[in-house]
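What follows is one structure encoded as structure tokens, with my remarks underneath.
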Amino acid sequence: MKPLSFFTVLLAASGVNAKVTNLPKKEVKCSGVSRAFQVSDVEKAGEAAIKHKNSPIGARLYPHRYYFDRPDCPGDLWGFPLSWTIEYTGGDPGLVRGIFTFTEVGGVLEARYCGTYAHKTKPGDNNFYICT
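Throughout the sequence shown, residue numbering follows mature numbering (1 follows the signal peptide of the UniProt record, and there is no 0), covering -18 to -1, 1 to 114 in sequence.
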């Protein structure tokens, strides 16, 4: 049995019925970023994206739509800032985004992880590369 993350417990306590699926099998590395993101970092970003889907946060209003071509991830793509150990709550979003689709399955809102992308220079430059 997989233990629930603290954030998942908070989501459940808040009445949000949600989960993150299709998580990466290993840490995610972005060229030029000082350290890798753990699977738990991606999961926290997905959980936060679910939490803020109908009430976006930050100056650039996350989560917001991304228009990448991802045939392996059908549906609208939504990006949310990816950070280490804590969820993004506003302010500087950094350069890295977890990309998700949202679907409702049996009354549960799911954020399906579709990859991690990073801005090449600064947030808002619309010049991304995919992280592995």
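In this text, a Cβ means the ideal position worked out from N, Cα and C, and glycines have one as well.
Cβ-based neighbour list, residue i, same chain, cut-off 7 Å, excluding 5 preceding and 5 following
| i | result |
| --- | --- |
| Pro(-16) | The predicted position of Pro(-16) is uncertain, since its pLDDT is 41 and thus under 50; no value can be drawn from it. |
| Lys35 | Pro45, Phe84 |
| Lys11 | Ala18, Cys113, Thr114 |
| Gln20 | Glu9 |
Contact check, residue i vs residue j, beta carbons under 8 Å
| i | j | result |
| --- | --- | --- |
| Pro6 | Tyr111 | no |
| Phe50 | Ala27 | no |
| Gly72 | Ile39 | yes |
| Tyr70 | Ala30 | yes |
| Val2 | Ala93 | yes |
CB-CB length for residue i against residue j, believed under 8 Å
| i | j | result |
| --- | --- | --- |
| Asp58 | Thr83 | 6 Å |
Neighbour-count burial assignment, residue i, 16 or more Cβ in a 10 Å radius
| i | result |
| --- | --- |
| Ile79 | Per the sequence shown, the amino acid found at residue 79 is Arg instead of Ile. Flag for Arg79 reads buried. |
| Pro56 | exposed |
| Gly106 | exposed |
| Gly89 | exposed |
| Ser37 | exposed |
Own chain residues within Cβ distance below 8 Å of residue i, not counting five before or after
| i | result |
| --- | --- |
| Tyr48 | Leu59, Trp60, Gly61, Arg79, Ile81, Tyr99 |
| Arg52 | Leu59, Ile81, Cys96, Gly97 |
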